[in-house]
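Following the numbering used here, the numbering of the sequence shown begins with 459 at its first residue and continues without gaps. The beta carbon of each residue, even a glycine, is placed where N, CA and C say it ideally should be.
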Amino acid sequence: MMEHARIPVFLSKMHAEHPPRWVTVHADRLESFVGLESDEYMDDSNHLAIWSVDHFISDFPFVTDFLNAARPGQTALFADQSGAFTLEDD
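Below, the structure is given as structure tokens:
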């Protein structure tokens, strides 16, 4: 079971139409962005959602390998939905 299974996932509502591009693990949450969000878009809290990790990996199973291996402070860049990612440490 992944270490992050019980923390919330904060994400933009653009995930309804686009897959995650950047996923970041923090000690108390995950964050996911599709890469199309402007600063103005993100400034409006109505554009944000909070999901469980189970919901997130159900909709985007390709992030599972990253979440199983990730440590707080790490960000994965997904170029597509193959599950391959580039790791970026904070």
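Going by DSSP, what residues sit across from Glu419 in a beta bridge? Look at the range of the chain in this structure, 459 to 548, and you will see that residue 419 is not part of it.
Range covered by the beta strand (DSSP E) that runs through Leu525: Run containing Leu525: none in the beta strand (DSSP E); it sits in the alpha helix (DSSP H), Thr522 to Ala527.
Since Phe518 is in the alpha helix (DSSP H), which residue starts that stretch and which ends it? Element bounds for Phe518: n/a, residue is neither H nor E.
Helix, strand or coil: how does DSSP classify Ala542 here? coil
Do the stretch 503-517 and the stretch 528-540 make contact, defined as three or more Cβ pairs closer than 8 Å? no
Counting C-beta neighbours from all protein chains within 10 Å, is the total for Ala534 16 or more, i.e. buried, or is it exposed? buried
Check for me: the alpha helix (DSSP H) holding Glu498 runs from which residue to which? Asp497 to Asp501
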